[in-house]
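Just so you know, the sequences run in chain order D and S. With full-length UniProt numbering applied, the first sequence covers 1 to 246. With full-length UniProt numbering applied, the second sequence covers 1 to 378. Structure first, commentary second.
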Amino acid sequence: APAAPAAGPAAPGHPQEPLGPPQAAWCELPSRVLLVLTSQRGVQMYDADGSTMVFWHALDGGNSTHSVFARGIAAAGGRFVCVGTSFGAVLVFDIPPKGTNVTLSEVLEQHRDPITDMAAEQGQAPDGAGDLVTADDSGTLCLWSSGEEFTLLGKIPGSGCTCSSVALWNGIVAAGYGNGQIRLWEAGSGRIRAQLSAHARWIYAIDLAPLTGKVRGERAQLGAQLGAPKASHAGILPDIPACIPH
Amino acid sequence: MSARTLPLLFLNLGGEMLYILDQRLRAQSIPGEKARKVMNDIISTMFNRKFMEELFKPQDLYSKKALRTVYDRLAHASIMRLNQASMDKLYDLMTMAFKYQVLLCPRPRDVLLVTFNHLDAIKDFISDSPGILNQVDETFRRLIETYNPLSDGEFQLIRQTLLIFFQDMHIRVSIFLKDKVQNSNGRFVLPISGPVPWGTEVPGLIRIFNHKGVEVKRAEFSTAGNYVTPQREGSFELYGDRVLKLGTNMYSVTRPVETHMSGSSKNLASQAKENIAPNPLAKEELNFLARLLGGLDIQKPAGDSGFRLNLFTTDEEEEHAAQTRPEELSYKVINIEATQEPARRAELSRILGELDVAEPRPGSAGKGEDLLALMDGL
Numbered sequence: 001a002p003a004a005p006a007a008g009p010a011a012p013g014h015p016q017e018p019l020g021p022p023q024a025a026w027c028e029l030p031s032r033v034l035l036v037l038t039s040q041r042g043v044q045m046y047d048a049d050g051s052t053m054v055f056w057h058a059l060d061g062g063n064s065t066h067s068v069f070a071r072g073i074a075a076a077g078g079r080f081v082c083v084g085t086s087f088g089a090v091l092v093f094d095i096p097p098k099g100t101n102v103t104l105s106e107v108l109e110q111h112r113d114p115i116t117d118m119a120a121e122q123g124q125a126p127d128g129a130g131d132l133v134t135a136d137d138s139g140t141l142c143l144w145s146s147g148e149e150f151t152l153l154g155k156i157p158g159s160g161c162t163c164s165s166v167a168l169w170n171g172i173v174a175a176g177y178g179n180g181q182i183r184l185w186e187a188g189s190g191r192i193r194a195q196l197s198a199h200a201r202w203i204y205a206i207d208l209a210p211l212t213g214k215v216r217g218e219r220a221q222l223g224a225q226l227g228a229p230k231a232s233h234a235g236i237l238p239d240i241p242a243c244i245p246h
Numbered sequence: 001m002s003a004r005t006l007p008l009l010f011l012n013l014g015g016e017m018l019y020i021l022d023q024r025l026r027a028q029s030i031p032g033e034k035a036r037k038v039m040n041d042i043i044s045t046m047f048n049r050k051f052m053e054e055l056f057k058p059q060d061l062y063s064k065k066a067l068r069t070v071y072d073r074l075a076h077a078s079i080m081r082l083n084q085a086s087m088d089k090l091y092d093l094m095t096m097a098f099k100y101q102v103l104l105c106p107r108p109r110d111v112l113l114v115t116f117n118h119l120d121a122i123k124d125f126i127s128d129s130p131g132i133l134n135q136v137d138e139t140f141r142r143l144i145e146t147y148n149p150l151s152d153g154e155f156q157l158i159r160q161t162l163l164i165f166f167q168d169m170h171i172r173v174s175i176f177l178k179d180k181v182q183n184s185n186g187r188f189v190l191p192i193s194g195p196v197p198w199g200t201e202v203p204g205l206i207r208i209f210n211h212k213g214v215e216v217k218r219a220e221f222s223t224a225g226n227y228v229t230p231q232r233e234g235s236f237e238l239y240g241d242r243v244l245k246l247g248t249n250m251y252s253v254t255r256p257v258e259t260h261m262s263g264s265s266k267n268l269a270s271q272a273k274e275n276i277a278p279n280p281l282a283k284e285e286l287n288f289l290a291r292l293l294g295g296l297d298i299q300k301p302a303g304d305s306g307f308r309l310n311l312f313t314t315d316e317e318e319e320h321a322a323q324t325r326p327e328e329l330s331y332k333v334i335n336i337e338a339t340q341e342p343a344r345r346a347e348l349s350r351i352l353g354e355l356d357v358a359e360p361r362p363g364s365a366g367k368g369e370d371l372l373a374l375m376d377g378l
């Protein structure tokens with residue numbers, strides 16, 4: 001159940017209790033930057049300097065025997081912060097230009113498996129390509145157009161391998177998978193454009209250089225501390241054409 | 001965090017413990033009958049049905065301290081005794097071995113094969129005791145039932161949960177250093193050659209498709225590694241070739257196993273904090289322990305058949321290790337102070353009173369006494 005907005009230092013977890021694997025992300029909106037944290041307790045949002053907790057949302061685990069956690073963070077549409085959950089639901093929070101009056105504006109329920117990652121468009125989306133992609137444990141990708149009501153533009157079904165990480169640029173989805181593959185999909189049509197046997201292990205993170213569209217996959221094998229994974233061996237990909245031939 | 005991690009953690013650590021104890025029993029020339037009794041008693045206690053039922057319930061991992069107490073108890077489930085220094089060394093070896101195995105698993109799912117390797121070896125240890133064999137097989141089946149259906153994503157979460165548990169543990173183990181799988185700073189070496197995980201392609205191929213989904217171009221790139229396609233997948237059945245070697249007994253060849261304490265922990269400040277701060281979860285852990293230990297059937301040593309096992313080569317070495325163990329690496333096994341707080345003792349008795357005791361054990365002073373005696377000894 002959505003929690004009332006709270007400001008102040010009340011952190012849900014006890015320092016000794018394991019919260020992991022936690023995630024942290026900066027959400028850049030036109031009017032403000034928020035630091036968003038996810039864990040098995042839910043979502044916390046802080047002001048950019050980390051001094052004030054702007055909002056927190058506790059996940060209702062109920063009597064579930066399955067693991068309960070929030071995972072996957074993205075700022076979308078210049079106004080929303082989206083967070084994924086282990087239930088497969090994507091929580092959409094409407095962020096005011098300032099203050100703590102954050103509201104849960106929508107819950108998107110298209111995924112049936114735990115959300116792994118999500119990403120907002122970092123370049124210029126072609127028409128119909130949407131501005132948010134969400135991914136889950138089954139490898140399913142959903143493309144969304146953000147707004148007062150989010151619209152599902154398309155779904156790319158998984159093929160049995162977890163999609164662990166995604167990036168979205170100029171209407172191209174770059175997706176990293178548990179079997180070490182990176183696949184590039186056309187967001188608008190849902191068609192695959194490239195497939196790379198990139199790594200020999202599970203891909204933990206994918207990142208995109210927004211100006212050049214260059215993609216880098218990383219497999220960090222050691223345990224992650226809050227915030228940054230300790231990468232022992234980063235796979236360097238060759239340049240792949242950012243402009244897929246039509 | 002995955003709520004299904006504890007059984008895997010417990011069984012694999014237990015498996016490593018048995019490998020080490022088996023090696024030390026032989027190195028110390030303990031008579032065959034006594035050694036077999038110790039192994040049988042410990043294994044039978046580990047796979048106690050009630051204990052397993054508790055273990056397999058979905059739950060968070062508990063603290064290192066709580067888990068350490070369980071192994072302390074387990075190691076003393078028979079006629080064998082261990083001094084603190086030996087127990088510390090045993091636990092160091094157990095944990096670093098399993099940490100290594102988890103890190104090196106090609107796929108997250110392969111941690112299950114590691115577990116099966118441990119269980120296969122345990123079955124070998126008690127192959128002449130059909131009763132205990134049955135207990136182990138029952139747990140094996142429960143593992144298969146619970147874990148085989150889990151998705152890769154769920155195994156990835158289990159893996160992450162395990163790695164968080166092992167975070168900041170960098171004790172150097174001589175076998176690992178010798179085989180060059182661990183560096184002198186305690187970090188493990190990750191291989192970049194050998195078979196890729198089952199289901200992964202050897203890196204190096206790029207395939208480009210046109211807008212009709214037809215492959216139109218292929219390109220190759222070179223990688224720093226030297227990977228090959230695996231021949232076959234390990235078996236996830238009750239019997240079968242696991243293929244993966246992680247989790248098999250690395251102590252088969254008798255080599256003295258040393259651990260090195262100095263410089264192994266960089267994060268001294270945070271570890272010191274963890275030891276000093278009062279643990280508000282102590283009550284939860286007490287409850288957990290009471291439930292778990294309530295299921296353990298502990299024998300008291302009869303007459304003189306008891307003996308002390310030393311994890312070091314000499315008594316002097318053991319004594320020296322006890323005195324020189326760095327403060328930040330002491331396990332400080334649950335500092336509950338049950339004796340000083342009457343409220344806690346009452347609470348514990350109440351909890352134990354509620355435990356369902358299947359049949360009374362003749363000659364035992366009662367579970368409550370055993371448990372409190374354990375706490376008093378800490």
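Cβ coordinates follow ideal geometry from the N, Cα and C atoms, glycine included.
>> Please confirm whether D137 of chain D has its beta-carbon closer than 8 Å to some beta-carbon of chain S.
In response: Sequence index remark: in the first sequence, residue 137 of chain D carries index 137 (1-based). Yes, its Cβ sits closer than 8 Å to a Cβ of chain S.
> Span of the alpha helix (DSSP H) holding I158 of chain S?
Replying inline: Mapped onto the second sequence, residue 158 of chain S falls at position 158. I158 of chain S -> alpha helix (DSSP H) spans 152-165.
>> Give me the chain S residues within the contact set of G178 of chain D, using Cβ-Cβ distance strictly less than 7 Å, ordered along the chain.
In response: As a first step, residue 178 of chain D must be located in the first sequence, where it is residue number 178. Going along chain S in sequence order, the residues near G178 of chain D (Cβ under 7 Å) are D152, Q156.
> Counting along the chain, where does the beta strand (DSSP E) carrying V133 of chain D start and finish?
Replying inline: On the first sequence, position 133 is the one that residue 133 of chain D refers to. V133 of chain D -> beta strand (DSSP E) spans 132-136.
>> Taking 8 Å as the threshold (beta carbon to beta carbon), is R112 of chain D in contact with chain S?
In response: Taking the first sequence and counting its residues from 1, the one referred to as residue 112 of chain D is at position 112. With 8 Å as the cut-off, R112 of chain D does not count as an interface residue toward chain S.
>> Please classify T103 of chain D as buried or exposed, where buried requires at least 16 neighbouring CB atoms within 10 angstroms.
In response: One-based indexing of the first sequence puts residue 103 of chain D at position 103. The residue is exposed, with fewer than 16 neighbouring Cβ atoms inside 10 Å.
>> One question on the structure: do V43 of chain D and H66 of chain D come within less than 8 Å of each other, judged by their Cβ atoms?
In response: Here residue 43 of chain D refers to the residue found at position 43 when the first sequence is read from its first residue. Here residue 66 of chain D refers to the residue found at position 66 when the first sequence is read from its first residue. For V43 of chain D and H66 of chain D, no; Cβs fall outside 8 Å.
> Got a sec: is the Cβ-Cβ distance from L196 of chain D to anything in chain S below 8 Å?
Replying inline: By one-based count along the first sequence, residue 196 of chain D stands at place 196. So, interface residue.
> Nearest to I115 of chain D by CA position, among S:V196, S:N183, S:L55, S:E154, is which residue?
Replying inline: Numbered from its first residue, the first sequence carries residue 115 of chain D at position 115. The residue with the shortest Cα to Cα distance from I115 of chain D is S:E154.
> Closer than 8 Å, CB to CB, is K165 of chain D near chain S or not?
Replying inline: Here residue 165 of chain D refers to the residue found at position 165 when the first sequence is read from its first residue. Here residue 165 of chain D turns out to be Ser, not Lys, going by the sequence shown. Cβ-Cβ to chain S under 8 Å: no for S165 of chain D.
> Taking all protein chains shown into account, do 16 or more other C-beta atoms lie within 10 angstroms of the C-beta of residue 255 of chain D, making it buried, or fewer, making it exposed?
Replying inline: An answer regarding residue 255 of chain D cannot be provided, because it is not within the stretch 1 to 246 covered by chain D.
> For H170 of chain S, is the classification buried or exposed, using 16 other Cβ atoms within 10 angstroms of its Cβ as the cut-off for buried?
Replying inline: As a working note, residue 170 of chain S is residue 170 in the second sequence. The residue is buried, with at least 16 neighbouring Cβ atoms inside 10 Å.
> For Q40 of chain D, which residues in chain S fall below 8 Å Cβ to Cβ?
Replying inline: Looking up residue 40 of chain D in the first sequence gives position 40. The answer, in chain order, is M1.
>> Just to confirm before moving on: does the CB-CB distance between V70 of chain S and L162 of chain S stay below 8 Å?
In response: As a working note, residue 70 of chain S is residue 70 in the second sequence. As a working note, residue 162 of chain S is residue 162 in the second sequence. No, these two residues do not count as a Cβ contact at 8 Å.
>> Under 7 Å: does the beta carbon of R207 of chain S sit that close to some heavy atom of the ligand ATP?
In response: Among the components of this structure there are no ligands whatsoever, and the ligand ATP is therefore not found.
> Cα-Cα, which of S:G306, S:I206, S:F140, S:F98 is closest to I30 of chain S?
Replying inline: Residue numbering aside, residue 30 of chain S sits at position 30 when the second sequence is read from its first letter. Checked all of S:G306, S:I206, S:F140, S:F98; the closest Cα to I30 of chain S is S:G306.
> Short check: CB of G247 of chain S to CB of T223 of chain S, under 8 Å?
Replying inline: Start at 1 with the first residue of the second sequence, and residue 247 of chain S comes out as number 247. Start at 1 with the first residue of the second sequence, and residue 223 of chain S comes out as number 223. No, these two residues do not count as a Cβ contact at 8 Å.
>> To test your reading of the DSSP string, which unbroken beta strand (DSSP E) runs of 3 or more residues are found completely within the region 176-236 of chain S?
In response: 193-195, 205-209, 215-220, 226-228
> Shorter than 8 Å from the beta carbon of A120 of chain D to some beta carbon of chain S?
Replying inline: On the first sequence, residue 120 of chain D is found 120 positions in, with the first residue counted as 1. No, A120 of chain D does not count as interfacial toward chain S.
> When we look at the beta-carbon of L152 of chain D and count the other beta-carbons within 10 Å, is it buried (16 or more) or exposed?
Replying inline: Reading the first sequence from its first residue, position 152 is the one you call residue 152 of chain D. By the 10 Å Cβ count, L152 of chain D comes out exposed.
>> Looking only at its chain, what residues have a beta carbon closer than 7 Å to the beta carbon of F150 of chain D, apart from the 5 residues adjacent to it on each side?
In response: Your numbering for residue 150 of chain D matches position 150 in the first sequence. Closer than 7 Å at the Cβ level, and outside the excluded window around F150 of chain D, lie V92, E106, L108, W144.
>> Just to check my reading of the structure: L61 of chain S and F165 of chain S have Cβ atoms closer than 8 Å, yes? What is that Cβ distance to the nearest angstrom?
In response: Along the second sequence, read from residue 1 onward, the residue named residue 61 of chain S stands at position 61. Along the second sequence, read from residue 1 onward, the residue named residue 165 of chain S stands at position 165. With a Cβ gap of about 6 Å, L61 of chain S and F165 of chain S count as contacting.
>> Less than 8 Å between C-beta atoms, sequence neighbours within five positions excluded: which residues of the same chain meet that for V189 of chain S?
In response: The residue labelled residue 189 of chain S in the question sits at position 189 within the second sequence. Contacts found: K180, V181, Q182, N183.
> Any Cβ of chain S within less than 8 Å of the Cβ of S159 of chain D?
Replying inline: Taking the first sequence and counting its residues from 1, one reaches residue 159 of chain D at position 159. With 8 Å as the cut-off, S159 of chain D does not count as an interface residue toward chain S.
> Going straight from the alpha carbon of residue 247 of chain D to that of D117 of chain D, what length do you get?
Replying inline: Since the displayed chain D opens at 1 and closes at 246, residue 247 of chain D lies outside it and no answer follows.
> Identify the residues that DSSP records as bridge partners of M80 of chain S: which are they?
Replying inline: On the second sequence, residue 80 of chain S is found 80 positions in, with the first residue counted as 1. Answer is S:F307, bridged to M80 of chain S.
> Using a C-beta cutoff of 8 Å, does A89 of chain D count as contacting chain S?
Replying inline: What you label residue 89 of chain D is simply residue 89 of the first sequence in a count that begins at 1. No, A89 of chain D does not count as interfacial toward chain S.
> Under 9 Å Cβ-Cβ, which residues of chain D neighbour L246 of chain S?
Replying inline: If you number the second sequence from 1, residue 246 of chain S lands on position 246. Near L246 of chain S there are no residues of chain D at all, since even the closest Cβ is about 14 Å away, more than 9 Å.
> Between G241 of chain S and S151 of chain S, what straight-line distance do the alpha-carbon atoms span, to the nearest angstrom?
Replying inline: For the purposes of this step, residue 241 of chain S is taken as residue 241 along the second sequence, with counting starting at 1. For the purposes of this step, residue 151 of chain S is taken as residue 151 along the second sequence, with counting starting at 1. Here residue 241 of chain S is Asp; the residue named in the question, Gly, does not match the sequence. The alpha-carbon atoms of D241 of chain S and S151 of chain S are separated by roughly 22 Å.
>> Going by DSSP, what residue range makes up the alpha helix (DSSP H) through S165 of chain D?
In response: As a working mapping, residue 165 of chain D is identified with position 165 in the first sequence. Taken as a continuous stretch (DSSP letters only), S165 of chain D belongs to no alpha helix (DSSP H), being part of the beta strand (DSSP E) at 163-169.
>> For a cutoff of 8 Å on Cβ pairs, would you count T116 of chain D as touching chain S?
In response: If you number the first sequence from 1, residue 116 of chain D lands on position 116. For T116 of chain D, the answer is yes, since a Cβ of chain S falls inside 8 Å of its Cβ.
> When Cβ atoms are compared, which residues of the region 130-144 of chain S fall closer than 9 Å to chain D?
Replying inline: none
>> Can you check which of these residues, S:Q323, S:E316, S:L9, is closest to I158 of chain S by C-alpha distance?
In response: Walking along the second sequence from the start, residue 158 of chain S turns up at place 158. Nearest C-alpha to I158 of chain S: S:L9.
> Under the three-state reduction of DSSP, which class applies to D94 of chain D: helix, strand or coil?
Replying inline: Here residue 94 of chain D refers to the residue found at position 94 when the first sequence is read from its first residue. Here D94 of chain D sits in strand by DSSP.
> By how many angstroms is the C-alpha of G147 of chain D removed from the C-alpha of A76 of chain D?
Replying inline: As a first step, residue 76 of chain D must be located in the first sequence, where it is residue number 76. As a first step, residue 147 of chain D must be located in the first sequence, where it is residue number 147. For A76 of chain D and G147 of chain D, the distance between alpha carbons rounds to 9 Å.
>> Give the list of continuous beta strand (DSSP E) stretches no shorter than 3 residues that lie fully inside the region 119-143 of chain S.
In response: none
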